[in-house]
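Using my numbering, the letters of the sequence shown correspond one by one to residues -6 to 133. All C-beta atoms, glycine included, are put in the ideal place defined by N, C-alpha and C. Below: one structure, written as structure tokens.
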Amino acid sequence: MYELIYYSIASPSLQRKDISDILEVSQENNAKNDITGCMLYHNDAFIQILEGDRKAVESLYSKIEQDKRHYNARVVYNDNIEERLFKNWSMAFLDLDKNDTDGKVKSSFRENFIAISNQTGYSSVASQLFWHISKQVINE
């Protein structure tokens, strides 16, 4: 088992439809390739942790690097792992900006996300980094 974390910046032309397309394709392909993980998109930044067979994860990341919907993709960490942190997640997403005119949804999510990340057992250095960077992105 292998995990990889990358960070990237959304292209200026990225639209909500693009994110929907990413999610739809990712959920289908990740399930087929037994890849799990979590992607966070906030303030024009992506951070994602991918878990699965090393060849499958590296092949997926090669495709992700070439995607024009983001740039400056860089691997933050990668390593072998004993078990998955996101066993049942092929891809999850919450649109914090949609219908959140007073900021209450975003504020509530931020508080809950940080609480969950503080309670999560870190099974690896990568999972520690993922939660640490995710908290920084959420607080921006």
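Residue burial classification, residue i (beta-carbon count within 10 angstroms, cutoff 16)
i, result
"Ser55", "exposed"
"Asn23", "buried"
"Ser13", "exposed"
"Ser135", "In the structure as shown, the chain begins at -6 and stops at 133. Residue 135 is therefore absent and cannot be evaluated."
"Gln41", "buried"
Residues bridged to residue i [DSSP beta-bridge criterion]
i, result
"Asn22", "Bridge partners of Asn22: none, in fact."
"Asn36", "Bridge partners of Asn36: none, in fact."
"Tyr185", "In the structure as shown, the chain begins at -6 and stops at 133. Residue 185 is therefore absent and cannot be evaluated."
"Ser135", "Any question about residue 135 goes unanswered here, given that the chain covers just -6 to 133."
"Ile(-2)", "Ile42 and Tyr70"
Sub-8 Å separation of residue i and residue j beta-carbons
i, j, result
"Arg(-5)", "Val50", "Going by the sequence as given, residue -5 is Tyr instead of Arg. For Tyr(-5) and Val50, yes; Cβs fall inside 8 Å."
"Leu78", "Leu43", "no"
"Tyr(-1)", "Ile74", "no"
"Ser83", "Gln20", "yes"
Beta-carbon proximity list for residue i, same chain, < 7 Å, skipping 5 on both sides
i, result
"His63", "Ser1, Ile2, Ala3, Ser4 and Phe39"
"Ala66", "Tyr(-1), Ser1, Ile57 and Glu58"
Own chain residues within Cβ distance below 6 Å of residue i, not counting five before or after
i, result
"Gly45", "Asp27 and Ile28"
"Asp207", "The question about residue 207 has no answer, for the chain in this structure spans -6 to 133."
"Asn71", "Leu(-3)"
"Phe123", "Ile(-2) and Ile42"
Where residue i sits in the DSSP three-state scheme
i, result
"Asp46", "coil"
"Asp72", "strand"
"Ile167", "The first residue shown for the chain is -6 and the last is 133, placing residue 167 beyond what the model contains."
"Gln8", "coil"
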